[in-house]
Amino acid sequence: MIKKRSKLTAAVLAVLMLFLLTACGTTTVDSGKKGAGDYKMVLILPGPINDQSWNATNYAGLVKSNETLGTKMEYVENVQAADYESTFRNYAERGYNLIMAAGTQFDEAANKVAESYPKTTFCVVNGMVSKGSNVAPIFPKEYEASYIAALMAGEVSKNGQFATIGGFPNKAMEHLLDVYEKVAVDLAKERGISGAKAVRAYANSWDDVALGKQMAATMIDNGADVMFVYANQVGLGSIQAAKEKGVKFIGFSGDQTTIDPNTVVSSVVFDFETFYVWAIQKYLDGSLDGNKVHEAGIAENIFKPVYTANISKDVQDKVAAGMEKAKKGEVDFNAMFVNK
């Protein structure tokens, strides 16, 4: 009896072991699902993370995503145009799952390199081109942010002479400057300022501080009393010129009022902490689809005005009312684009 019982026990144990192994196999498959921190992610930046503008704003988004979602995204800064493709390839070759790059200027390189690395998702922030199932740009509708900036500028200008400087004349830059100039000039005219107009120039650079100062000084000498610049470090030079010549500056992308609140009287901050968490969560959920540009703007609360004591409560209320109109879809931005 003992012998038989032993054989029966052995048989039962064998079956039990088989069951447990099968169950463990099933458990292993389920637990093999990646957690947020298991994905290899990197953000490629064209400038330094302390530029108080575009690069700092994107870096803040990376930090917030890592804190909120548990990701371990890395970054590389000051990547020059000649190194865009090689930098993409370097990380793709090393098996990175998600490669993000901050700026429209990365579009061409991302789409070109993506063809060779179908298992890697390429996500250009401000991207406008998606030619592959693994290319998923995210685009903050910057022309909505420049609309907010114009609501401020149109109220603070005394002579209605607006000057704008862009980094490079790409489509996104042209659209945001079109909106800013149209809204600012119209507001000045509504205030009874005759001859209100805007002049525009492109620096063809993102990092030439001295050039930014020179260009802004010339525009101010020609009558501009409000400056608006979107060109990363070039803008820092423009702020220097505005300060020295005593004119107002509307900050953009980051909170530039901290540089000199009497010169940069207000800013439009890109809340890329919210933007990045939104985008990276989409990636983790599997909904950051390729062959598509994913957009967000005022309605998604990613643009926020920042004021100094130089901006009255009345002006702040007008800006809030204008933003509410945009949220309701009552502002036709497309009609303001000079080149559709």
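Residues -25 to -1, 1 to 315 (mature numbering (1 follows the signal peptide of the UniProt record, and there is no 0)) are what the sequence shown spells out, left to right. Every residue, glycine too, gets a C-beta built ideally from N, C-alpha and C.
Buried or exposed: residue i, going by 16 or more other Cβ atoms within 10 Å of its Cβ?
i: Pro280; result: buried
i: Ala310; result: exposed
i: residue 358; result: There is no way to answer for residue 358, as the model of the chain reaches only from -25 to 315.
i: Ala185; result: exposed
i: Gly272; result: buried
i: Lys(-19); result: Here the model assigns Lys(-19) a pLDDT of 41, short of 50, so the residue's position is not dependable, and the following value carries that caveat. The residue is exposed, with fewer than 16 neighbouring Cβ atoms inside 10 Å.
i: Asp289; result: exposed
i: Ala296; result: exposed
i: Asp292; result: exposed
i: Asn134; result: exposed
i: Gly142; result: buried
i: Asp13; result: exposed
i: Asn197; result: exposed
i: Phe308; result: buried
i: Asn179; result: exposed
i: Ala(-3); result: With a pLDDT of only 42 at Ala(-3), under 50, the local geometry of the prediction cannot be trusted, and no value is derived from it.
With distance defined between alpha-carbon atoms, name the residue in the options nearest to residue i.
i: Tyr155; options: Ser228, Glu119 and Ser132; result: Glu119
i: Ala57; options: Tyr50, Glu68, Ala35 and Gln80; result: Gln80
i: Leu18; options: Val239, Tyr66 and Glu270; result: Tyr66
i: Ala173; options: Asn134, Asn179 and Val160; result: Val160
i: Ala171; options: Lys157, Ala31, Asp307 and Ser262; result: Lys157
i: Glu117; options: Ala274, Lys303 and Lys300; result: Ala274
i: Leu37; options: Asn266, Asp26, Glu49 and Val184; result: Glu49
i: Ser91; options: Ser61, Phe114, Pro115 and Gln231; result: Ser61
i: Asn86; options: Asp264, Phe308 and Ala111; result: Ala111
i: Asp246; options: Lys220, Pro115, Asp13 and Asn266; result: Pro115
i: Asn207; options: Lys9, Tyr34 and Trp29; result: Trp29
i: Ala84; options: Leu263, Tyr59, Glu68 and Ala301; result: Tyr59
i: Ala254; options: Asp13, Phe308 and Asn41; result: Asn41
i: Glu68; options: Pro93, Lys8 and Ala178; result: Pro93
i: Ala20; options: Val51, Phe227 and Lys8; result: First, the amino acid is wrong: residue 20 is Leu here, not Ala. The shortest C-alpha separation from Leu20 is found at Val51.
Spatial neighbours of residue i within its chain, please: C-beta separation below 7 Å, excluding the five flanking residues on both sides.
i: Lys39; result: Glu248, Tyr251 and Val252
i: residue 323; result: Nothing about residue 323 can be read from this structure; the chain reaches only from -25 to 315.
i: Ala11; result: Leu44, Gly45, Thr46 and Leu259
i: Thr(-17); result: Its pLDDT being 42, under 50, Thr(-17) is placed unreliably in this model, and the value from its coordinates should be taken loosely. Cβ neighbours of Thr(-17) beyond the five flanking positions: none.
i: Gly70; result: Lys15
i: Ala31; result: Ile24, Asn25 and Gly229
i: Val268; result: Gly102, Met103, Ser105, Pro112 and Phe114
i: Glu270; result: Phe114 and Lys116
i: Lys302; result: Ile273 and Ala274
Beta-carbon separation of residue i and residue j under 9 Å?
i: Val209; j: Phe224; result: no
i: Ile234; j: Gln55; result: no
i: Val104; j: Phe63; result: no
i: Gly78; j: Trp181; result: yes
i: Tyr205; j: Ile113; result: no
i: Asp183; j: Gly212; result: yes
i: Gly22; j: Asn53; result: yes
i: Ser241; j: Asn276; result: no
i: Gly261; j: Gly107; result: no
i: Leu162; j: Leu126; result: yes
i: Phe203; j: Ser121; result: yes
i: Val306; j: Lys300; result: yes
In chain order, what residues of the same chain have a beta carbon less than 6 Å from the beta carbon of residue i, not counting five sequence neighbours either side?
i: Ala216; result: Lys188, Ala191 and Ala192
i: Met194; result: Ala138
i: Val(-11); result: Residue placement at Val(-11) cannot be trusted, given a pLDDT of 41 that sits under 50; what the coordinates show is reported in the next sentence. Closer than 6 Å at Cβ, skipping near neighbours: no residue.
i: Ala199; result: Gln136 and Ala138
i: Pro236; result: Thr283
i: Leu263; result: Ala111 and Lys257
i: Tyr34; result: Ile24
i: Lys220; result: Ile195
i: Lys218; result: Asp235 and Thr238
i: Ile168; result: Gly135
Can you list, in chain order, the residues of its chain with a C-beta nearer than 8 Å to that of residue i? Leave out the 5 residues immediately preceding and following it.
i: Val313; result: Glu149 and Asp153
i: Val201; result: Ala128, Val131, Ser132, Gln136, Phe137, Ala138, Ala159, Val222, Lys223, Phe224 and Ile225
i: Lys164; result: Gly135 and Ala171
i: Asp82; result: Val99, Gly102, Met103, Val104 and Pro112
i: Asn109; result: Ala89, Tyr92, Pro93, Lys94, Thr95, Thr96, Phe97 and Gly265
Check whether the region 98 to 117 touches the region 74 to 86, counting contact only when three or more Cβ pairs, one atom from each stretch, lie closer than 8 Å.
yes
Does the region 139 to 149 come close enough to the region 42 to 51 that 3 or more CB-CB pairs lie under 8 Å?
no
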